[in-house]
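For the sequence shown, position 248 matches number 248 in full-length UniProt numbering, and the numbering has no gaps at all.
See structure below.
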Amino acid sequence: MTANQRPLDGITVVSLEHAIAAPFCTRQLADLGARVIKVERPGAGDFARGYDERVRGLASHFVWTNRSKESLTLDLKHDEAGDILQSLLADADVLVQNLAPGAAARMGLSFEALHARFPRLIVCDISGYGEGGPYEKKKAYDLLIQSEGGFLSVTGGPGDDQMAKAGCSIADIAAGMYAYSGILSALLLRGKTGQGSRIDVSMLESLVEWMGYPMYYAFDGAPPPPRAGAAHSTIYPYGPFPTGDGGTVMLGLQNEREWAAFCDKVLLTPELATDERFSANFKRSANREVLRQIIVDRFAQLDAEALIQRLEAAQIASARVNDMQGVWDHPQLKARDRWREVDSPAGPLPSLLPPARNAAFTPRMDAVPALGQHSQGILDQLGYSGDAIDSLRARGVI
């Protein structure tokens with residue numbers, strides 16, 4: 001193997017992308033070495049560029065999902081822009097798009113139209129609800145899919161007015177991950193058949209797949225798991241508990257051995273383990289309000305650090321409830337050397353290495369692009385002269 005040869009070196013991805021799902025997918029392809037050409041609208045670009053200005057003037061979502069890409073501005077309403085895109089696709093391996101439903105097909109970018117011209121091209125279409133069905137053309141944003149997919153029904157507090165969305169774009173992330181793995185499998189399939197294929201990724205289906213436990217828990221008309229805030233809905237004690245110094249510690253018990261150790265070594269009340277109200281998980285869950293008060297009273301005598309020491313000694317799983325600064329400063333991430341610097345229009349920024357660590361290669365960690373930063377170079381490679389590029393720019397094509 002060549003030194004630091006990456007799995008997707010030599011693979012070219014063209015992406016008509018915005019927001020999170022498609023950019024998160026293609027950024028991970030870039031991590032593995034793929035060349036990702038991000039096609040953006042002249043002037044505004046990916047609308048995620050304007051979500052906020054939290055990262056030294058850059059948008060937090062955009063910085064997270066767009067490192068290691070090349071930005072090409074194209075106004076796809078111009079015929080000449082379509083010609084440029086077709087020239088790019090002639091040498092591309094993958095097209096990814098999450099435009100409005102039906103928009104890509106209207107531009108002649110359906111898999112059927114492209115496959116006739118570029119039989120090895122893999123096309124990945126990401127949408128809210130997928131092709132076909134009554135919701136095909138329905139607008140879809142992350143929170144709306146969290147709602148449609150049942151996620152909101154199992155998060156938040158017990159009252160109907162206490163449902164809570166995920167604090168990150170979980171439906172977009174789910175779709176981005178299935179698009180990413182789908183493209184990798186399509187590349188493997190092309191290696192066997194020589195033919196490109198189409199991947200249809202639905203945000204709804206991606207999130208519903210992740211709802212497997214609550215769905216099956218409520219199988220055949222059974223009641224769904226109750227909303228339990230940050231606690232587990234059916235295992236107890238499992239969740240956050242306050243400590244005497246005003247801190248919060250998250251703990252989780254999975255079995256009766258751990259419950260006995262918790263009572264003996266953490267609560268210092270071994271007889272509680274055989275209390276008939278708490279002698280099995282389903283009993284503890286049913287009587288959680290009474291048990292919680294007992295635990296809170298014991299924990300009030302300890303600060304967070306002392307409690308964690310007891311939990312560790314008893315081999316009970318626990319965690320600190322970190323805020324975002326706590327994550328930036330997390331000792332485990334530092335000890336494993338998981339942070340790198342990437343360049344950006346705002347200067348160097350910290351960036352987390354991809355989680356799937358492979359000892360055979362170093363992932364690509366290149367700059368977050370400025371809007372249209374690579375237009376000139378890409379058009380040069382396609383054979384456009386300087387005058388032709390100037391003309392395209394003057395007419396708003398790029």
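Note that CB positions come from ideal geometry on N, CA and C, so glycine has one too.
Values in this document were obtained by computation on a predicted structure and should not be read as measured data.
Classify MET203 as buried or exposed, calling it buried when 16 or more other Cβ atoms lie within 10 Å of its own Cβ.
As a position in the sequence shown, residue 203 is number 203, starting the count at 1. Looking at its Cβ environment, which holds 16 or more other Cβ atoms inside 10 Å, MET203 is buried.
Sorted by chain position, which residues of the same chain lie with C-beta nearer than 8 Å to LEU121's C-beta, five sequence neighbours on each side aside?
Numbered from 1 along the sequence shown, position 121 holds the residue referred to as residue 121. If you ignore the 5 residues before and after LEU121, its C-beta comes within less than 8 Å of the C-beta of LEU89, ALA92, ASP93, VAL94, LEU95, LEU114, HIS115 and GLY196, all in its own chain and listed in chain order.
Can you find the residues in the same chain that come closer than 6 Å, C-beta to C-beta, to VAL201, ignoring five residues on each side of it along the sequence?
Stepping through the sequence shown from its first residue, residue 201 is reached at position 201. Here the set comprises ILE126, ALA175, TYR178 and ALA179.
Considering PRO214, what are the terminal residues of the alpha helix (DSSP H) in which it resides?
Translated into the one-based positions of the sequence shown, residue 214 becomes position 214. Here the alpha helix (DSSP H) through PRO214 covers 212-217.
Do LEU32 and ARG6 have their beta-carbon atoms positioned less than 9 Å apart in this structure?
Here residue 6 is taken as the residue at index 6 of the sequence shown, counted from 1. Here residue 32 is taken as the residue at index 32 of the sequence shown, counted from 1. Taking 9 Å as the Cβ cut-off, ARG6 and LEU32 qualify as a contacting pair.
Can you find at least 3 beta carbon pairs, one from the region 275-295 and one from the region 320-338, that sit closer than 8 Å?
no
Around the C-beta of GLY383, are 16 or more other C-beta atoms found within 10 angstroms, so that it is buried, or is it exposed?
To locate residue 383, count along the sequence shown from 1; it is residue 383. Classification for GLY383: exposed.
Please name the residue, chosen from GLY347, PRO348, ALA370 and TRP339, that lies closest to PRO355 on a Cα-to-Cα basis.
Taking the first residue of the sequence shown as position 1, residue 355 is located at position 355. It is TRP339.
Does the beta-carbon of PHE151 have 16 or more other beta-carbons within 10 angstroms, so that it is buried, or is it exposed?
By one-based count along the sequence shown, residue 151 stands at place 151. PHE151 sits buried, since 16 or more C-beta atoms from the chains shown fall within 10 Å of its C-beta.
Just list the alpha helix (DSSP H) runs in the region 225-273, keeping only unbroken ones of 4 residues or longer that don't cross its boundaries, in chain order.
Correct list: 256-261.
Assess, as a yes-or-no matter, whether the region 209-222 is touched by the region 41-61 under the definition of 3 or more beta carbon pairs within less than 8 Å.
no
Quick one: Cα of THR274 to Cα of GLU256, how far?
Within the sequence shown, residue 274 is the residue found at index 274, counting from 1. Within the sequence shown, residue 256 is the residue found at index 256, counting from 1. Taking the straight line from one Cα to the other gives about 10 Å.
Could you please give me the residues that DSSP links to ALA317 through a beta bridge?
For this step, residue 317 is matched to residue 317 along the sequence shown. Answer by DSSP bridge pairing, in chain order: GLY252.
If you drop the 5 nearest sequence neighbours on each side, which residues of the same chain put their C-beta closer than 6 Å to that of ASP46?
Here the question's residue 46 lines up with position 46 in the sequence shown. Only HIS18 and GLU40 meet the Cβ criterion.
What first and last residue would you give for the beta strand (DSSP E) that runs through SER351?
As a working note, residue 351 is residue 351 in the sequence shown. SER351 -> beta strand (DSSP E) spans 349-352.
Note the first and the last residue of the continuous beta strand (DSSP E) segment covering LEU16.
Translated into the one-based positions of the sequence shown, residue 16 becomes position 16. 12-16 is the span of the beta strand (DSSP E), which, as asked, contains LEU16.
Is it the case that the region 302-310 contacts the region 346-365, given that we only count it when at least three CB pairs across the two stretches are under 8 Å?
no
Among LEU379, PHE219 and SER385, which one has its Cα closest to the Cα of THR73?
Along the sequence shown, one-based indexing puts residue 73 at 73. When only C-alpha atoms are compared, the closest one is LEU379.
Here's the rule: buried if 16 or more other CB atoms are within 10 angstroms of the residue's CB, otherwise exposed. What is PRO237?
Position 237 of the sequence shown, counted from the first residue, corresponds to residue 237. Classification of PRO237: buried, given that the 10 Å Cβ count is 16 or more.
Roughly how many whole angstroms lie between the Cα atoms of MET365 and ALA319?
Residue numbering aside, residue 365 sits at position 365 when the sequence shown is read from its first letter. Residue numbering aside, residue 319 sits at position 319 when the sequence shown is read from its first letter. Each residue's alpha carbon lies about 30 Å from the other.
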